[in-house]
Structure formats: C-alpha cells, structure tokens
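S.K.: Protein chains in written order, with this note's numbering: chain A, 3 to 182; chain H, 569 to 1118. Idealized CB from N, CA, C, for every residue including glycine. If you're wondering where the values come from, they're calculated on a predicted model, not measured in any experiment.
1. At a Cβ threshold of 9 Å, is residue 639/H touching chain A?
2. Here's a check: name, in chain order, each residue in its chain whose Cβ is nearer than 7 Å to the Cβ of residue 695/H, leaving out the five neighbours to either side.
3. Would you say residue 57/A reaches chain H, if we count a Cβ-Cβ gap shorter than 9 Å as a contact?
4. Taking its Cβ as the centre, do 16 or more other Cβ atoms sit within 10 Å of residue 59/A, making it buried, or is it exposed?
5. Whose C-beta lies closer than 8 Å to the C-beta of residue 50/A among residues of the same chain, with five residues either side of it excluded?
6. Take residue 909/H and list the residues in its own chain whose beta-carbon comes closer than 8 Å to its own, dropping the five residues that flank it on each side.
7. Cβ closer than 7 Å: which chain H residues qualify as neighbours of residue 162/A?
8. Check whether the Cβ of residue 961/H lies closer than 9 Å to any Cβ atom in chain A.
9. Among 809/H, 715/H, 1044/H and 704/H, which has the Cα closest to the Cα of residue 977/H?
10. Along the beta strand (DSSP E) that carries residue 850/H, what are the first and last residues, could you check?
11. List, in chain order, every chain H residue whose beta-carbon is nearer than 9 Å to that of residue 61/A.
12. Where does residue 837/H fall in DSSP's three states?
13. For chain H, is any of its Cβ atoms less than 9 Å away from the one on residue 90/A?
14. Which value, in whole angstroms, describes the spacing of the CA atoms of residue 722/H and residue 674/H?
15. What residue does the alpha helix (DSSP H) around residue 585/H start on, and which one ends it?
16. Cα separation between residue 588/H and residue 1080/H?
17. Using 8 Å as the cut-off, can you tell me whether the segment 1033 to 1041 of chain H makes contact with the segment 999 to 1015 of chain H, which would need three or more C-beta pairs spanning the two stretches below that distance?
18. Determine the DSSP secondary structure at residue 862/H, reduced to helix, strand or coil.
19. Shorter than 9 Å from the beta carbon of residue 8/A to some beta carbon of chain H?
20. Within the same chain, show all residues whose beta-carbon is closer than 7 Å to that of residue 1149/H, passing over the 5 residues directly before and after it, in chain order.
21. If I measure Cβ to Cβ from residue 620/H and keep anything under 7 Å in the same chain, skipping five residues before and after, which residues do I get?
22. Run the CB neighbour count on residue 46/A, radius 10 Å, all protein chains shown included, and call it buried at 16 or more, exposed below.
23. Going by DSSP, name the residue or residues bridged to residue 888/H.
24. From the DSSP output, in three-state form, read off residue 48/A for me.
25. Does the distance from the C-beta atom of residue 52/A to that of residue 117/A stay below 9 Å?
26. Helix, strand or coil: how does DSSP classify residue 989/H here?
27. Could you tell me the boundaries of the alpha helix (DSSP H) in which residue 158/A lies?
28. Using three-state DSSP, classify residue 952/H as helix, strand or coil.
29. Within the 9 Å Cβ cut-off, does residue 25/A reach chain H?
30. Compare the Cα-Cα distances from residue 573/H to each of 702/H, 760/H, 610/H and 594/H and report the closest residue.
31. Are residue 702/H and residue 727/H close, meaning C-beta to C-beta below 9 Å?
32. What residues in the segment 144 to 159 of chain A have a beta carbon less than 8 Å from any beta carbon of chain H?
33. Candidates 916/H, 961/H, 861/H and 1107/H: which alpha carbon is nearest residue 1084/H's?
34. Drop a sphere of 10 angstroms on the beta-carbon of residue 1031/H, count the other beta-carbons inside from all chains shown, and report buried for 16 or more, exposed for fewer.
35. What's the gap between the Cα of residue 1108/H and the Cα of residue 155/A?
36. To the nearest angstrom, how far is the alpha carbon of residue 1049/H from that of residue 968/H?
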C-alpha cells in the first residue's frame, strides 16, 4: 500500500485543500450549510468533532470531521440511532467536564496533547460511550458516501478501491426512488 | 375470495419453486409473501444497509419497526431484538426471499450428510439423526435446480462429491487473484481445490446476461440481474402460466382447519392490514425455518391446541444453521483485485473423514469485502483508533485473504423456536422466541476448521494469520436456518414425512429448510431448492384432480 501513503495528483491535492477548509469550518462552529444540526447542539457538535478526529485523525488524507462524519452521525441520531441521542448528550457533556476539570479549557481550545489526554480519560471513565463513537465514526468514514460521511469516497480512494469500481460503467443514483 | 387448489406461504427459494411446479401443472395457486417485490433497479449499493451488513438496517426486510423476536441468552435472560441485530437470526422477507441478495453458493450435500447418525453415532446431548431420504433420492432434483435456476462452476476437480449424472450448465467465472494465490497452495498441501459452484450467470443464461463482477455482491440485489434466485426464474414462470397469483405484503396469521382436522386455507393480513381468508385444497408453508415453525405454532384450534403438526412437541426443535469459523491471512503483497463475487475457490477435503470428528465443513475464500468489513479484521495488536488504525486500514485492506466455512452443526433438541408468551408483532401475533446454543462438539470441529484455514493461508504466503473462531452464545441459524420441522418416518420424532407432508394433517406441507434433519457442511440453498422440486413432484404424482375439493 506504499503507493497510497503519498497520494499524488492535482485532483487529490485540490480535494485535500477543500477538505481542510471544511475542517476549519467545523472547528469554528459554522456547521452545515443549513446553519444547524438535525440532532446535535452546536456545542455538542464541536466536542464530537474533536473525538471523531482523534479516532480518524488527518494525515495526508482528511480526518473524520473533514470527511463529513459529523453529518453522518447527526443524521443517524435523527433516524436509525435515535435511541442513542441521550447517550451522546451525556457522553459529550462528560467529555467536556473531563476537559474542564483537567485543563480548565473547552476541548476545542485544548492542545493536541491535552485532547489526547481527555480521550484517554474518557476511554477509562466511559468505555461504552467511546466505543459507540468509535463505531459510528468508522462507519461514517469508511461507509457509503450517500449517508454524509466518506465525502467524495475519500476513504475508498485512500484504500485504493476505485469508485465507480468498473471503468466506464454508468453509475446512477437511485437514492430517491429505490425502496430497499 | 375464490377458492384455489394451493396456497403457498412465502415466496422464497422453496415457495417460488413449488408455485412454479404446481401452477405449470395446471393447479390454481395463490402465493403469499409478507415483503415486497424488489427488482434489479432496487439495488442501491449501500455498504451500511444491505442484507449482509445491517448497520443501518436490512435492505430487503423485515423492517426494524414492528417485527421483533425474543432471544433467550445462555444465562436465561430474554432480549427483545430487531431484525437488523445478529441475534434475530434474520433471513430476508421479500419476493425471492434470501435468494434475491444471497452470495449464491450452490452446494449439493454429500451422501454422508444424509446419514450423519449411522456414519458417526450421535454425540451425547445431541439429536443427530439420519434423513429418511438419501443423496440418490435428491440427485435428479439437484440437477433440476442447477439447470432451471442456473448454476455455474466446474465440479470435476472435487473427488469428494456424490455421483452426478450431468455437469453444470455454465462454466465457472474466470478465477480472481485470490484463486490464483490459494489454488497452488492447496495443491501443495495435498488438498483438492475447485471453483465454487454459484447460482450466478457466468455466461448468458435463461435470457439474462453474465455477472459484471462488481464489489456489491453478497447482501445486495444484483444490478445486472446475473444472480439467479426464485424472483427472476421460477416465480415469473409461475405467473406466466396464468395459474398463479402473487400477493405481496400479506402476512399469514394462521392455517385454518375444519372440524375433521384438515386444513381449509389460511387467514392473512393483506397490504392494508385487513384480515382476509384464502381457502384452498392444500396449504404449503415455505416461510423459512423460524417463521414456518412460528406459523404452525400460531395455528391453534380445538383439535390442535399446541399448534399444527405439534402433537409430540417437535415443531421448532433442532433449530440449526452453521458455525462459521476460519482465519484471516495478512500478506506482504496485494491479494485484492476488486473483482466480484470474490469467493471463488473451495475445498471439500474436510467435510468428512477426520477421525474423532462428526463431520466438518467446506472451506472457501470469503466474498469480496467492502472497506467496512476490514475495520475489525486487522492484525492482532493493531490500534483500534487513531493514526495507527488508519494506517493499518491502508496497509491491509488490499493485502488480506479470509478463508472460512460453514461447520456442520450437531443439532440439539434444545435449540428451539417457540412462541413468546408476551411479545407481539405489528399484527398482534406472538413472535418467535429463540433459545439454545451450539453443541460443544460443533465448537470443537469449528476450532479444527479454523486451524486448517490458517494452515492453508500460511502455505499461500500469509506473513501472519488470526483465527476467527469466536464463541457465539446462540444457536446459529440466520440465513442458513434449518431443522425446525424435521423430516422423518416416526411421527413422534419428526413433523413431516419424506414428502414434506405434516404427519398430522395430510393437506398441509412444510417445504423449506425447516425439514432438514441435518444441515450439511455447506450453504443450504441448493438442497432447499432440490427438496422443493422433489416434494412438488411427489405432490403432483399424488394429486387426484378435484378429490381435494369439498
């Protein structure tokens, strides 16, 4: 997979720049283009973005939040994961209180080392919540782009699986009319 | 509603075949299906929502809302579970049933698989038994399934199979990269590798084109309709005969019986939730092992207070599927070629004949994986999150081979589907309650199979392997569910006779995996299809025209 460690080509660099800008938008709390989240409060979304980005950090490919994982989780918290809304709210509050008590800082203002410390503390104190976020983050990042994460199939390109998979094959979007 | 000759419950692998056989012979048939009729254009390639990966739900039913089951864990705790959860043991609910979205391996069981008890003796605590029929009885019907539904492959290099009169109608798909890596390794180990037989077009067949070899295969409907199931073969033929009516979104409530104890039809909820009756001369139950047992148990009456066919408390027992074990091999070269269906090569060397083991199972390479499948199949010690995990995904997604297989279950009478006394579904019907666990000997065989898979991968050049031999605390059933309405000659120890006719009621038939006495070390669908052809053949030979009519 060495070829994939250093992605080249103008298209990918352009994409990376777009991803980085999107990431900056998250960090400043300027969330979706609609201005608000379906399920998350803006504060919770900022905290969650930090957690997601510890699970899938940026390197030469985007981080979880840069690839749209928050959109995925927020969307599903209003749908298939409705039952986890309270778990998220409590878990994210707990994450913030760990950050407050350890560093007297909001997690978003903490340094990289401090953020990692907070996540390690969360893993100790509430492993079930961290596992849930881990699972959902990885689903969003490596799952189908149609759900909002894995924007532009970036993780699939990182892994070297092409999209569309067969050259010249017509891909058509059945999102709206498919019943399955 | 007009009385018909036959009402069939469930339009899956078996129900579709029975509908076609009866309708083309001139019987009037109503085929009831609780799900929808999807087509190839309903194939949305969603890695998170399909029949194989149900993170966001099942693509082809049942819905998570309104269709619960109850699972009793080994400590006796009960859990209400939804269809997209593993312990629900789901099979699809739609026209075609599991065959719309399956992987489509087309195995014949081996002659020994029908004589497990006389070959090995029954391990303590098991209900291992022989079938009342043998491989030779089913052979012509295996062939009929292979030609009518359509199987590709090359059985010649497999010396362990039962005798067959004809080869397969289509050649195998060209080998993928994993085949090229695993075949010489198997031969060096003295094994006998061969291409997996598949219910999938490798060339144009039955008026449909060949597989385009995409990544979204097992768990998905086929975009180019190259995967052969009942929904694109026998069911259209049944409808074209003019004698079969298919009604979708119809949930059967119970089989109705008269005061003499014979079935007179079924009561069902139609697509609008209205309770209807469909009267018929015969009733065929083809709802898959768990739901078929549930329907019989829900069909209570004065003469059958414990449910139909359940005079000796046999309905729902011996629930079984397969214990899947194997190994992941990690390589320092690329093994992935992005060519579906991925699963390509198998060995049958370990199905039978190991001293001390009651059977075994096939081993094969796994279907083509999606990135989501690699998340937790990384080398032991890989970080579970962070840059280390991201890097391992890059390092190994294309450098992994999974070899695994279905270990034949040693059945137990305590593996059961019964009715839950409390929980009801959206129609108010008592739901299935699943209990039981794997027999310890099944687990023992599964462990041996996992080691064998790892040895094959190491011979193929894996630099590291990791065993997949977990301990599911549940009797496996899922898509391979079988055994709940056992076929047998003794009415006290079985539910149906060799023609799939309920011992108690001569005009009710159970025709699906429920009747399997044991489930082979193979994916069961071709056997389900062969039994459907065989039972239909017997039913038509004994059909006395109007003599069933009142």
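M.R.: Checking against the coordinates, here is how it stands:
1. no
2. 886, 979, 980 and 981
3. yes
4. buried
5. 42, 72, 75, 90, 94 and 135
6. 671, 672, 741, 766, 768, 779, 781, 785, 786, 935 and 936
7. 966
8. yes
9. 1044/H
10. 843 to 853
11. 955, 958 and 959
12. strand
13. no
14. 11 Å
15. 581 to 592
16. 15 Å
17. yes
18. helix
19. With a pLDDT of 35 at residue 8/A, under the threshold of 50, the modelled position of this residue cannot be trusted; read the value that follows with caution. No, no contact with chain H.
20. Since the first residue of chain H shown is 569 and the last is 1118, residue 1149/H is not available in this structure.
21. 786 and 787
22. buried
23. 1050/H
24. helix
25. yes
26. strand
27. 156 to 161
28. coil
29. Residue placement at residue 25/A is poorly supported in this model, since its pLDDT is 43, which falls under 50; the coordinates still yield a value, given next. It does not; no Cβ of chain H falls within 9 Å.
30. 594/H
31. no
32. 144, 145, 146, 148, 149, 157 and 158
33. 861/H
34. exposed
35. 54 Å
36. 29 Å
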